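S.K.:
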Amino acid sequence: MTWYFDNEIFDSITSSNFPYELCRPANIYAMWFAKNMATRLSRAVLRCMPILAVAAFLPEPFNISFPVSAATGIFFFISMILGFLVLVAFTMLIYISAFYTISPFGIRILTTSALEFLTGGIIPLPFFPQNLQKVLNVLPFTLYAEYAFPDI
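FYI, the numbering for the sequence shown is 0 to 151, going by numbering that gives the first Met the number 0.
#1: Going by DSSP in three states, residue 6 sits in which element: helix, strand or coil?
#2: Kindly give me the distance between the Cβ atoms of residue 103 and residue 9, rounded to whole angstroms, as I take these residues to be in contact under 8 Å.
#3: Roughly how many whole angstroms lie between the Cα atoms of residue 133 and residue 55?
#4: Which residue marks the beginning of the alpha helix (DSSP H) containing residue 130, and which one marks its end?
#5: What number of angstroms, rounded off, separates the C-alpha of residue 50 from the C-alpha of residue 90?
#6: How long is the line joining the alpha carbons of residue 151 and residue 44, rounded to whole angstroms?
#7: By the three-class DSSP mapping on this structure, what secondary structure does residue 15 have?
#8: From residue 14 to residue 126, what distance separates their C-alpha atoms?
#9: Drop a sphere of 10 angstroms on the beta-carbon of residue 124, count the other beta-carbons inside from all chains shown, and report buried for 16 or more, exposed for fewer.
#10: Would you say the stretch 74–92 touches the stretch 29–45, given that touching needs at least three Cβ pairs under 8 Å?
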């Protein structure tokens with residue numbers, strides 16, 4: 000969920016509470032990073048587990064299959080953890096950029112719109128011009144489009 004942002008962090012940045020946060024004997028970046036991780040992980044698990052439980056009991060073409068090998072499962076788990084950490088770090092960059100703006104709403108709208116556009120949420124990635132597709136192929140957003148539309 001790239002569009003989810005913690006309003007408490009934005010409120011502490013824009014209000015006068017932030018100097019008080021800096022007086023605490025804790026690393027504020029690590030504290031916000033852990034809070035962001037915990038919030039995102041709890042929301043994902045609470046949404047994902049019921050769906051996976053139902054999908055485990057579906058008939059053959061619709062059910063969940065286990066990885067082909069143990070190594071594939073381990074690499075999948077490692078890639079999920081790394082992707083999760085990149086998402087949280089990206090969100091922290093948005094929080095940091097809010098220090099330099101008057102209001103955090105502009106950076107929120109800008110990043111949400113850019114990510115929505117580049118992930119194919121507005122226009123599917125295979126419909127982009129060829130020159131732009133060359134640039135997008137370097138970014139991690141094209142992975143889904145290659146599997147969804149292999150002939151394009």
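C-beta atoms are modelled at their ideal positions from N, C-alpha and C, and glycine is treated no differently. Keep in mind the model is a prediction, meaning the values are calculated, not measured.
M.R.: Quick look at the numbers:
#1: helix
#2: 4 Å
#3: 38 Å
#4: 129–135
#5: 26 Å
#6: The pLDDT assigned to residue 151 is 49, lower than 50, so where the model puts this residue is not dependable; a value taken from the coordinates is nonetheless given after this. Roughly 34 Å between the two C-alpha positions.
#7: coil
#8: 43 Å
#9: buried
#10: yes
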